[in-house]
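Residue 137 in full-length UniProt numbering sits at position 137 of the sequence shown; the count goes up by one each step and never skips. C-beta: ideal position from N, C-alpha, C; glycine also.
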Amino acid sequence: MPAAANPAVDPLLDLPFDAVPDPDAYLRAAMRWHFSPETGSPFWLARAAGLGFDPLTEVRTHADLAKFPNLAGELRTARVEDLIPRGYGDRPDVVGVYESGGTTGAPKRIVLLRDWLDRLLGWSSAQLDGHGVPQGVNWLVVAPTGPHMVGDVIKAQTAYRGGLSFTVDLDPRWVKRLISDGKAAEAGGYAEHIVDQVAHLLETQDVGVLMCTPPVLERIARRDGLAKLVNEKIRAINWVGTQMDPDTRHLYRTEVFPNAVLYSGYGSTMILGNASERHGLTDDDPCVYDPYSPYMSFGVIDPETGRTVEYGERGQVVMHHVSKSLLMPNNLERDHGTRIAALPGHLGDAVADIAPVQEFDNETVIEGVY
C-alpha cells in the first residue's frame, strides 16, 4: 500500500487540478518541499550545496528559476529512486519510469507519480472538452509505449474520459536509426506497417478519436479508402510529436478530414506532460501552445546569449516543471519556437511554430515519425 500523506506537505502543493494558487506562494512552498531534508529528493538534496544560491531564500518568483543550472542531462545516469521526494514515504505510488526519446544521445529517465498523473489527467481532459473532443468514445492511439511516457498517459486519459484504448506501438528510435543509417526505404516500410495496423483497427472497431503524429497522418491521408473511413468514424484527431505546417493544418481541417476536430499538444517527458493548443485559434493563427501553469512553464531564449527573445521572435524553448512530485527547472529543449504572450494569469510564455533544432548536445536531430 502507498504510504500515508506526509503531514509536512503544504496544502498549496495538493490543490485540486483546476485551482489556481498564488504563483509566488506556490513556488516558495515547492522550494521548501524539494529542499527540506525530510521531504526533498536525494537528487536535489545532494546538489543543493553546489548551486551557488539558497533555493529556500533566493527563489521567490518565477523569474528566479533561471538561477538553476540545467541538470536534465544528469537524468541519463541518475539513479531513478533518487528522483522521488522523501516526503512520499517508503512506498510511493509510482506509475512508471519513463525515458526521453533518445533523439539526442542516451535517453534521460524520469519517474511519474500517481498524484501528478491524476492532476495532469484532470487538466488535460478539461482542455479536450474545450476543443470539443467527445467524451465516452474509444481512442486509437498510435504512439510510443514503454519506455516512453506518452502511450501510458493517453491510455489513462482515455479511461478517465470513459473510453477504451486501441493501441499501435510506434518505435521512434528504430525509425531514426534507419534514417541516420541512410535506410529511408526501410523507414518508409515501417511507417506503412504502422498505417496497415491503423487501417485494420478502424475497419473492425468503434473508434471516435485518433491520436497520431503528422507523418503517420500524412500516410493515412494518402490512402483514399482509409481517409474516407476516418471521415466516417473519427470525430477528433489529436496530433502530437513532430511539427505540422499551417498550410497542411488548414488542408486537413477543410478538405481531407473536415468531419473531425483537429487538435494538437506539445509535450516533453522532462516536464511530465504536454502543453495544450490554445482554444479559439483560427486557421490564420499559428498553432500556439499553453502549458499547465504554474506547474509547467515555458521561456524562449537566444541560445547564444541566454537572453529572452522579444514577442514574435524565434528562439530555443526552455521548460520548467515545478510540482510536488518533480522539480526540473531551466531545461533547454531541442526545439525552436516563436515567443507568444502567455494567457492572463499564466507564468512564462506560450510558444508557437515548434520545429526542432538541427543539432542538440552535439547530436544531429532526426524527427522520423515522432
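| request: Verify whether the separation of the beta carbon atoms of F166 and L217 is less than 8 Å. | output: no
For V150 versus G267, is the C-beta spacing smaller than 8 Å?
yes
Q. Leaving out the 5 sequence neighbours to the left and right, which residues in its chain are closer than 6 Å to P42 when beta-carbon positions are compared?
A. D82
Between G315 and V309, how many whole angstroms is the CB-CB distance? I'm expecting something under 8 Å. 4 Å
Next on the checklist: Quick check: what's the CA-CA separation for P134 versus G208?
Outcome noted: 8 Å
(message) Considering just the uninterrupted stretch of the alpha helix (DSSP H) at A184, what are its terminal residues?
(response) 184-204
Q) Within this structure, are the beta carbons of L210 and L140 separated by less than 8 Å? A) yes
Check your understanding: Secondary structure at M31, three-state DSSP: helix, strand or coil?
Key -> helix
Item to complete: Determine the extent of the beta strand (DSSP E) in which H336 is found, giving its start and end residues.
Response: 327-341
**Prompt:** What's the C-alpha gap between A106 and R76?
**Reply:** 6 Å
Problem - Buried versus exposed call for N259 [16 or more other C-beta atoms within 10 Å across all chains shown] - result: exposed
(Q) Suppose contacts are defined by Cβ-Cβ distances below 8 Å. Is A159 in contact with L117 by that definition? (A) no
For D206, collect the residues of the same chain with a Cβ closer than 7 Å to its Cβ; drop the 5 residues on either side in sequence, then sort them by chain order. N138
Check your understanding: Hey, V9 and G89: beta-carbon distance below 8 Å or not?
Key -> no
Item to check | Separation of V317 from Y370, as counted between CA atoms | outcome: Low confidence applies here, because Y370 scores a pLDDT of 43, under 50, leaving its location unreliable; read the following figure in that light. For Y370 and V317, the distance between alpha carbons rounds to 18 Å.
Quiz prompt | Through-space distance from R219 to V195, alpha-carbon basis | solution = 7 Å
message = Quick check: the Cα distance between R119 and Y292, rounded to an integer number of angstroms?
response = 10 Å
Between the beta-carbon of R334 and the beta-carbon of Y311, is there less than 8 Å? no
Around the C-beta of V20, are 16 or more other C-beta atoms found within 10 angstroms, so that it is buried, or is it exposed? exposed
Point to revise | DSSP state of I154 mapped onto helix, strand, coil | key: helix
Would A355 and Q243 qualify as a contact pair, given that the criterion is a beta-carbon distance under 8 Å?
yes
Using the three-state DSSP reduction, which class does Y266 fall into: helix, strand or coil? strand
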